[in-house]
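Student: Residue numbers (my numbering), protein chains in the order written: chain X, 8 to 231; chain A, 8 to 231; chain C, 8 to 231; chain U, 8 to 231.
Below: one structure in structure tokens.
Number of protein chains: 4
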Amino acid sequence: MVRVLDKGIVELKNFMGGDLAVVAAARVSNGVSYEEASRGAEKDQKLINYLTKHKHGTPFEHSVFQFYIKAPIFIAREMMRHRVSSFNEISGRYVQYEPEFYIPEQFRIPAESNKQGSIFPSDEWKRQFDWLCRRDVEDICSDAYETYKDLLRRGVAKEMARMVLPLNLYTQYYWTVNARSLMNFLTLRCAEDAQWEIRQFAFVVRDIFKEKMPMTFNAWNDDD
Amino acid sequence: MVRVLDKGIVELKNFMGGDLAVVAAARVSNGVSYEEASRGAEKDQKLINYLTKHKHGTPFEHSVFQFYIKAPIFIAREMMRHRVSSFNEISGRYVQYEPEFYIPEQFRIPAESNKQGSIFPSDEWKRQFDWLCRRDVEDICSDAYETYKDLLRRGVAKEMARMVLPLNLYTQYYWTVNARSLMNFLTLRCAEDAQWEIRQFAFVVRDIFKEKMPMTFNAWNDDD
Amino acid sequence: MVRVLDKGIVELKNFMGGDLAVVAAARVSNGVSYEEASRGAEKDQKLINYLTKHKHGTPFEHSVFQFYIKAPIFIAREMMRHRVSSFNEISGRYVQYEPEFYIPEQFRIPAESNKQGSIFPSDEWKRQFDWLCRRDVEDICSDAYETYKDLLRRGVAKEMARMVLPLNLYTQYYWTVNARSLMNFLTLRCAEDAQWEIRQFAFVVRDIFKEKMPMTFNAWNDDD
Amino acid sequence: MVRVLDKGIVELKNFMGGDLAVVAAARVSNGVSYEEASRGAEKDQKLINYLTKHKHGTPFEHSVFQFYIKAPIFIAREMMRHRVSSFNEISGRYVQYEPEFYIPEQFRIPAESNKQGSIFPSDEWKRQFDWLCRRDVEDICSDAYETYKDLLRRGVAKEMARMVLPLNLYTQYYWTVNARSLMNFLTLRCAEDAQWEIRQFAFVVRDIFKEKMPMTFNAWNDDD
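In structure tokens:
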């Protein structure tokens, strides 16, 4: 289990396949069996590099990761746009949410070079700026959660009451994704123009990917 | 363009296919050409009923709808879980959101028969109850939007400031979906145990589906 | 490794998930952790039955099977129409095919009750009939393979020469598929109106599914 | 309707979307409406180029093509591996196939530079070589079709008898695919290392794509 942001989590729950499954899937096109698929680390790495470079994606689909993720909703929304994967999420229709909100340590100002991105300001007023912004965020989250509880206390259904909760509320879910789709996720979400918060999740996912499929990671990393 | 809830919209932007495309796709298995695919309304309807009843889904994939949708985020999140479809959405990283929030006319209490559902209470205190709840929702949305603007005014990046906005904020997006995936959506989201708000959107989508593909609608409706 | 037909194979190469992964994915909607997801065999079975009956398919997507399959091309073509799964196949562009053809033991006549199906005739002339048909199939396969080799010997590219080989040529491939998509496959391909040959493959896949996910198998089997 | 190879066909049956749909889907992220999405040909082209270059694929998913294709089975098998698309095909379980086989005009020898590819030999013996190969292919197709008819005449079910037919038998099907998936198809199947026969189909599909979505074609063509 790896902690991300102030209260987030990324944890690998299940995994199948690996670099050998990639190599075996590629070499079945030559009629080679799973058991004889590996030709040593060097040749296997070379093959995986070739597949990556030439966008031969299917051999990577036989390796699959299941993650448990705890993330703010505005980040979860970005992750759930990756359709070649499977999600099951906590439901605000069934359960009362805990008052767990993402409260940033630091606040970013818009990047000049980039329409939608943002950067950390380096000026001396930064500490004061962060303190003020954090207080604002904490206050509104606290107020929203009070309203949420008031509505529930009055008898409003959970599925309605939840609508007042802000987008930095933490949600949790399982995410199952094959290595091909995972690499696409990483390429997009580790990128410099991705939102800083989702990058923190993507970096942890990348580390797990690297550990489980070191050769495929190398190939992806060189190509990316 | 059809209005849904207080500020929502469903609008068909593009469409291709139709009942004839279903019939043609089914009858190509018998080597029949597109031009000769129809055998009259009665036989065509019977064929479509057969396909629906026996879960032969592929002939319905050649008909495609593109909708423009404006919906609260907590409803959009449910719609975007339907992965066999395409979405492009307004981005809170690029634009400053308008203060458009879903403010319910009436508030529902939990259904006794159903863990996650909800019903409209019929008691005399209802008017007062709705008035109080609505005031609470309006107040917190107003406060959240103030905090949002404060953060922006201080120079915080849009992608960060948006995290304080509540889940009833209106978002907008295109949704392209084929008739097979659409029927699956309608079966799940018109159902009685679906959330009332998404049902309102699903009902409008269903009407458009009925208009564009009347035979397929009949078959789905009888089978559902 | 299980033998199917005269020269076919089904073999499970990798697997992840299982009944517990189904139960955990379903109960995350209530905020229950993976470790606490099981509530004993009886309650878990009941939950899985409920999911199956109400077509809640996503919890089954976190369990994944990788099979190695050796099957005649006309059967492989049916399997490869299941798009929510991953395939890597031997390529007739790269390798010279071995003369491995499916030669049926028995031949079926059309079922009267069913347009596309077929049945085994029970009459006394059956032995003679099978003998004649088998000889015809063997002869043409032998001739086709001779032509294939002649073309190769003359220098024709493998990718062209293969076009003369018949549809009962054996091919081989990996097939990775999650439990949701697998159940859909089994429902369609174990059915009485499916072709007898693909049913033999589907029955073996079903046995493996039953062994790996006994509760999910029960639920699917009762619902199917 | 465009003729391909000796008896093949590519025909556009339905289409929706177009360059404007791409531009509208991209600009909805800025909150721009469909009606105001275009900013003139030059700016639209520039936007589409940007999307293509940065692999922003979703805006292309709202444009959809339905083709009717008639192709040899060994080519159809390659096309049907493109899973993000919809197929309905003539069924050899239902209908008796016509004796329509792909008989190449010219035969290719293996390319030296490329393991699986092939080239047209330029030597003077070419005419003789082609004549001999063509005769071989014609003969075996004729024999196979005779065996097919014999089996049917004896009473064997169509679904079994078809197994003796060769892979160059023509099949026919509808193929519905969005512009994003189509561009992926074209990149892979117009490429020099793709089989010559599928390239002929891909070139026709490309022409239709160019006609219907000229700006998107330009962007894809420059990037490819």
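Here a beta-carbon is modelled for each residue, glycine too, at the ideal position from N, C-alpha and C.
1. Do Q52/X and N228/X count as a contact pair if the criterion is CB distance below 8 Å?
2. Could you list which residues in chain U have their beta carbon closer than 8 Å to that of T154/C, in chain order?
3. Would you mind sorting K77/U into buried or exposed? The rule is 16 or more other CB atoms within 10 Å of its CB.
4. Using a C-beta to C-beta distance shorter than 8 Å, which residues of chain X count as neighbours of F94/C?
5. By a C-beta neighbour count over all protein chains shown, 10 Å radius and 16 as the cutoff for buried, is Y232/X buried or exposed?
6. Does the beta-carbon distance from N95/C to M23/X come in below 8 Å?
7. Could you name the residues of chain X that C140/A contacts, counting a contact when the two beta carbons are closer than 7 Å?
8. With a threshold of 8 Å between beta carbons, is G15/U in contact with chain A?
9. Taking Cβ to Cβ, would you say M167/A is nearer than 8 Å to M87/X?
10. Y153/C to D150/U, Cα distance in whole Å?
11. Please confirm if Y75/C has its CB atom under 8 Å from at least one CB of chain X.
12. Spell out the partners DSSP gives M23/A in its beta bridges.
13. Got a sec: is the Cβ-Cβ distance from D150/C to anything in chain U below 8 Å?
14. Per DSSP, what kind of secondary structure is A151/X in: helix, strand or coil?
15. Around the C-beta of W182/U, are 16 or more other C-beta atoms found within 10 angstroms, so that it is buried, or is it exposed?
16. Classify F192/X as buried or exposed, calling it buried when 16 or more other Cβ atoms lie within 10 Å of its own Cβ.
17. Within 8 Å, do at least three Cβ pairs link the segment 167-179 of chain U to the segment 124-143 of chain U?
18. Please name the residues in the segment 164-187 of chain C whose beta-carbon is closer than 9 Å to at least one beta-carbon of chain U, in chain order.
19. Tell me the rounded alpha-carbon separation between D26/A and S70/C.
20. What residues in the segment 85-115 of chain A bring their beta carbon closer than 8 Å to a beta carbon of chain U?
21. Interface residues of chain U around K20/A at Cβ under 7 Å?
22. Which of the three DSSP states is assigned to S40/X in this structure?
23. Can you look up F208/A in the DSSP assignment and give me helix, strand or coil?
24. What alpha helix (DSSP H) runs, 4 residues minimum, are completely inside the segment 70-114 of chain X?
25. Quick test of the definition: if touching needs 3 or more C-beta pairs under 8 Å, does the segment 103-111 of chain A touch the segment 138-150 of chain A?
26. Anything in chain U within Cβ reach of E68/A, meaning under 7 Å, just list it in chain order.
27. Under a CB-based cut-off of 8 Å, is S36/X close to chain C?
28. Going by beta carbon distance, what residues of the same chain come within less than 6 Å of E232/A, once the five residues before and after it are set aside?
29. What's the call for A44/U, buried or exposed, on a 16-neighbour Cβ count within 10 Å?
30. With DSSP as the reference, label Q179/C as helix, strand or coil.
31. Just the chain A side, please: which residues come within less than 7 Å of Q202/X by C-beta, in chain order?
32. Under 8 Å Cβ to Cβ from L159/C, same chain only, skipping five residues before and after it: list those, please.
33. State the Cα-Cα distance for the pair Q207/C and S93/U, rounded to the nearest angstrom.
34. My assumption, with CB atoms under 8 Å, is that Y180/U sits in contact with I97/U. Please give the rounded CB distance.
35. For chain B, is any of its Cβ atoms less than 8 Å away from the one on M8/C?
36. What residue from N37/A, R46/A, D230/A and K62/A has the CA that sits closest to D231/C's CA?
Tutor: Taking the geometry as given:
1. Taking the C-beta atoms as reference points, Q52/X is found no nearer than 8 Å to N228/X.
2. D143, V144, D146 and I147
3. By the neighbour-count rule (16 or more Cβ atoms within 10 Å), K77/U is buried.
4. T65
5. The question about residue 232/X has no answer here: the residues shown for chain X are numbered 8 through 231.
6. no
7. Chain order gives the chain X residues near C140/A as L158, R161 and V163, where near means a beta carbon separation below 7 Å.
8. No, its Cβ sits nowhere closer than 8 Å to a Cβ of chain A.
9. no
10. What sits at residue 153/C in the sequence shown is Glu, not Tyr. C-alpha separation (whole angstroms): 13 Å.
11. Using a Cβ-Cβ cut-off of 8 Å, Y75/C counts as an interface residue toward chain X, since at least one Cβ of chain X sits closer than that to its own.
12. V71/A
13. So, interface residue.
14. helix
15. Buried, since its Cβ has 16 or more Cβ neighbours within 10 Å.
16. buried
17. no
18. A164, K165, E166, M167, A168, R169, M170, V171, L172, P173, L174, N175 and L176
19. 36 Å
20. S93, F94, N95, E96, I97, S98, Y101 and V102
21. Under the 7 Å cutoff, chain U gives Y41.
22. coil
23. helix
24. Within the segment 70-114 of chain X, the complete alpha helix (DSSP H) runs of at least 4 residues are 80-86.
25. yes
26. Result: S93 and T183.
27. yes
28. An answer regarding residue 232/A cannot be provided, because it is not within the stretch 8 to 231 covered by chain A.
29. Counting Cβ neighbours within 10 Å, A44/U comes out buried, since at least 16 surround it.
30. Strand, per DSSP.
31. Within chain A, the residues R100 and E166 have their CB atoms less than 7 Å from the CB of Q202/X, given in chain order.
32. Q103, K165 and A168
33. 26 Å
34. 7 Å
35. Looking for chain B here will not work: the only protein chains present are X, A, C and U.
36. K62/A
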